[in-house]
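Residue numbering for the sequence shown follows numbering that gives the first Met the number 0, starting at 0 and increasing by one per position.
Every residue gets a Cβ at the ideal spot worked out from N, C-alpha and C, and that includes glycine.
Presented below is the structure to which this report refers.
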Amino acid sequence: MGMIQETLTEGMDPVENFKCIHCQQHLPMTDMSTDSHHTVRYECKPCRAVNATIVRNLKKDNLTTLPSMEDECPLCERTGQEIRDRGSFQKRKPWTLDHDHKTNQFRGWICQHCN
Numbered sequence: 000m001g002m003i004q005e006t007l008t009e010g011m012d013p014v015e016n017f018k019c020i021h022c023q024q025h026l027p028m029t030d031m032s033t034d035s036h037h038t039v040r041y042e043c044k045p046c047r048a049v050n051a052t053i054v055r056n057l058k059k060d061n062l063t064t065l066p067s068m069e070d071e072c073p074l075c076e077r078t079g080q081e082i083r084d085r086g087s088f089q090k091r092k093p094w095t096l097d098h099d100h101k102t103n104q105f106r107g108w109i110c111q112h113c114n
């Protein structure tokens, strides 16, 4: 079954209601956040805002440890330049912050592919 069927309770309209993965509330699609492709995310707008603030603060607190293009991803061991040379992430950095979603603790920087 697809993710929609897995997150809905019996009797709910799968087109209109989604369950937020954070607060567990069943909400209409209009209360859910969307990604850059306008695809519905499985987190409501208020939870998305809270999580965005957490990530923004973690990035600010750990900016001095941001890898350079010569550094390697700790998971796949490719350098930032190797990732970019493959045609990925030409307009943005290949690194993204990795954190524990339960404790909100910073774990390090990994490449976008491994994320």
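Practice item. Report back the beta-carbon spacing between E42 and H25 to the nearest angstrom; my notes put them in contact at under 8 Å. Key: E42 to H25, Cβ: 13 Å. No contact.
Practice item. Quick one: measure Cβ to Cβ for I53 and N103, integer angstroms, because I've assumed they're closer than 8 Å. Key: 5 Å
Point to revise | One or two residues paired with H100 in a DSSP bridge | key: According to DSSP, H100 bridges with nothing at all.
Check your understanding: What are the residues that DSSP puts in a beta bridge with K18?
Key -> H25
Exercise for review: Mark N56 as exposed unless 16 or more other C-beta atoms lie within 10 angstroms of its C-beta, in which case mark it buried.
Suggested key: exposed
Point to revise | Every unbroken alpha helix (DSSP H) within the stretch 25 to 92, with a cutoff of 4 residues, ordered by chain | key: 44 to 60 and 79 to 84
Check your understanding: Can you name, in chain order, every residue of its own chain whose Cβ lies under 7 Å from the Cβ of V39, other than the five neighbours on each side?
Key -> F17, M28, M31 and T33
Review point. Who pairs with C110 in a beta bridge, going by DSSP?
Key: W94
Check your understanding: CB-CB under 6 Å to C46, same chain, minus the five flanking residues each way: which ones, in chain order?
Key -> C19, H21 and C22
Point to revise | Alpha-carbon spacing of H37 relative to E71, whole angstroms | key: 32 Å
Point to revise | For V49, the nearest candidate out of F88, D60, H100 and E81 (CA to CA) | key: H100
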